[in-house]
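Residue numbers (the numbering used here): 14 to 271.
Note that CB positions come from ideal geometry on N, CA and C, so glycine has one too.
Structure first, commentary second.
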Amino acid sequence: MKNTEKIPQRIFYVWGYGERKSQIANICIENWRMMLPDFDIIEVNEKTPEWFDFDYEYNNNLWFKTVYDLKMWAYVSDYIRCKVLYDYGGIYFDTDVTVYKDFSSLLNHKMFIGNCLNNIPEMATFGAQKEHPILLEMINFYKNDIWNSQDFIITKILTKILKNKFNIEPSLLENVKDNLIAIYLPEYFNPFHFDQDFNHSCITHNTYSVHWMGASWHSKKNLFFLSNKHRIPLEVLLKQMEFIEKVDKMANKKIKIN
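Written out as structure tokens, the structure is:
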């Protein structure tokens, strides 16, 4: 039976309530308005219960509560993007994504995403219909499995779920068009790698958007937490992180020489 539903014409992004937006975030959001004028643009934060029940998730999801309390905003956003698109359907953009052409032709998919040059699907830009089963698996991983897994990067979590739960393999040779998901080649959404300098020649007639891949959230303290969450009890881990933060502050103090 042919799928007659479409992904809704709305774009979600995550930004902390009351936090001043960065210059690049403002530029990117204005770009979305210009390039996708028929799409609703929706900010999701602690004060948007019509889209995300922050209080419920904070009180009932240990992973979400922990990364929120630690101010690990990228990982807060990872969970929110999966939950919001599962509940309502739409498109998610990171706030360092710029759009190059209209997304309307992608709305017939049940879910779409772009591959990276390292053959891992990138979730800075993706779309899905409401109640998509892949997103449900992502949500369940964050709620139930993440403390027992060494994985914490959303792209690697998705890749394992695609392979282990749905028998879907990303490819760098062709677009993958499964009944559940379309995985596009890097040139469509991720035409250059994060460790490469951007060159405009990477933009082709197939390119829908570019993710500029900011990663300022990778602090030493956060990486310690993410690398050890499945090895060390949470209470002990948080105390060790406090120690790391104190040592870092001491190391970064300027020493006056009289």
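#1: Decide if the stretch 110 to 117 is in contact with the stretch 74 to 89; the criterion is three or more beta carbon pairs, one per stretch, under 8 Å apart.
#2: Counting Cβ pairs closer than 8 Å, one from the stretch 127 to 139 and one from the stretch 43 to 61, do we hit at least three?
#3: Hey, how far is the Cα of H122 from the Cα of K19?
#4: Could you pull the DSSP bridge partners for M124 from this structure?
#5: Would I24 pass as a contact of F106 if the rule is Cβ separation under 8 Å?
#6: For a quick check, are the C-beta atoms of S222 and F202 less than 8 Å apart?
#7: What residue range is occupied by the uninterrupted beta strand (DSSP E) comprising Y105?
#8: Checking 8 Å against the spacing of the C-beta atoms, do D109 and I37 come in under that value?
#9: Pull the bridge partners of T111 from the DSSP assignment, please.
#10: Following the continuous alpha helix (DSSP H) through D53, name the residue where it begins and the one where it ends.
#11: Please return the same chain residues whose Cβ sits closer than 6 Å to the Cβ of W230, not counting the five positions on each side in sequence.
#12: Quick check on G140: buried or exposed, where buried means 16 or more other Cβ atoms within 10 Å of its Cβ?
#13: Does the structure place the stretch 160 to 170 close enough to the stretch 185 to 194 that three or more beta carbon pairs sit under 8 Å?
#14: Taking DSSP as the reference, what is the three-state secondary structure of P146?
#15: Note down the Cα distance separating K143 from V97, rounded to an integer number of angstroms.
#16: How close, in whole Å, do the beta carbons of Y30 and N58 come, if the pair is a contact with beta carbons under 8 Å?
#17: Using three-state DSSP, classify P199 as helix, strand or coil.
#18: Smallest Cα separation from H26: which of S118, M47, W64?
#19: Beta-carbon separation of L149 and Y99 under 8 Å?
#20: Please state if the CB of I166 and the CB of P183 are separated by a distance shorter than 8 Å.
#21: With respect to the beta strand (DSSP E) encompassing R23, which residues constitute its N-terminal and C-terminal limits?
#22: Quick one: what's got a C-beta closer than 7 Å to I216's C-beta in the same chain, skipping five residues either side?
#23: First and last residue of the alpha helix (DSSP H) that includes Y81?
#24: Taking the continuous alpha helix (DSSP H) assigned at N39, which residues delimit it?
#25: E135 and H213 - do their beta-carbons sit closer together than 8 Å?
#26: Taking DSSP as the reference, what is the three-state secondary structure of K169?
#27: CA-CA distance, L312 and M48?
#28: Beta-carbon within less than 6 Å of A228's beta-carbon, same chain only, minus the 5 sequence neighbours each way: which residues are those?
Walking through what the data contain:
#1: The stretch 110 to 117 makes no contact with the stretch 74 to 89: fewer than 3 CB pairs, one atom from each, lie closer than 8 Å.
#2: Below 8 Å, too few C-beta pairs join the stretch 127 to 139 and the stretch 43 to 61 to call them touching: fewer than three.
#3: When rounded, the distance between both Cα atoms is 7 Å.
#4: The bridge partners DSSP lists for M124 are A141.
#5: Contact: yes.
#6: By the CB criterion at 8 Å, S222 and F202 fall inside the cutoff.
#7: For Y105, the uninterrupted beta strand (DSSP E) segment begins and ends at 103 to 106.
#8: In this structure, D109 places its C-beta atom within 8 Å of the C-beta atom of I37.
#9: T111 pairs with V223.
#10: In the DSSP assignment, D53 falls outside any alpha helix (DSSP H) and lies within the beta strand (DSSP E) extending over 53 to 57.
#11: In this prediction, W230 scores a pLDDT of 44, lower than 50, which makes its location untrustworthy; no coordinate-derived value is stated.
#12: Around the beta-carbon of G140, 16 or more other beta-carbon atoms lie within 10 Å, marking it buried.
#13: When Cβ pairs closer than 8 Å are counted between the two stretches, the stretch 185 to 194 is seen not to touch the stretch 160 to 170, the count staying below three.
#14: In the structure shown, P146 sits in a helix (DSSP, three-state: H, G or I).
#15: Spanning the two alpha carbons is a distance of roughly 9 Å.
#16: The pair is a contact, with the Cβ atoms about 4 Å apart (cut-off 8 Å).
#17: Note: P199 maps to helix in three-state DSSP.
#18: In the sequence on display, residue 26 carries Tyr and not His. Of S118, M47, W64, the residue nearest in Cα terms is W64.
#19: Yes, the Cβ-Cβ distance between L149 and Y99 is below 8 Å.
#20: The Cβ atoms of P183 and I166 lie no closer than 8 Å to each other.
#21: It spans 23 to 27 - the beta strand (DSSP E) in which R23 sits, taken as one unbroken run.
#22: Excluding residues within five positions, the ones whose Cβ falls inside 7 Å are Y113, P204.
#23: Per DSSP, the unbroken alpha helix (DSSP H) holding Y81 starts and ends at 75 to 82.
#24: Per DSSP, N39 is one residue of the alpha helix (DSSP H) stretching across 36 to 48.
#25: Cβ atoms of H213 and E135: not closer than 8 Å.
#26: Residue state, collapsed to three classes: helix.
#27: Absent from the model: residue 312. The displayed extent of the chain is 14 to 271, so no value can be given.
#28: Confidence at A228 is low in this model, with a pLDDT of 47, below 50, so the placement of that residue should be treated as unreliable; the coordinate-derived value is given next. So the list is empty, once near-sequence residues are dropped.
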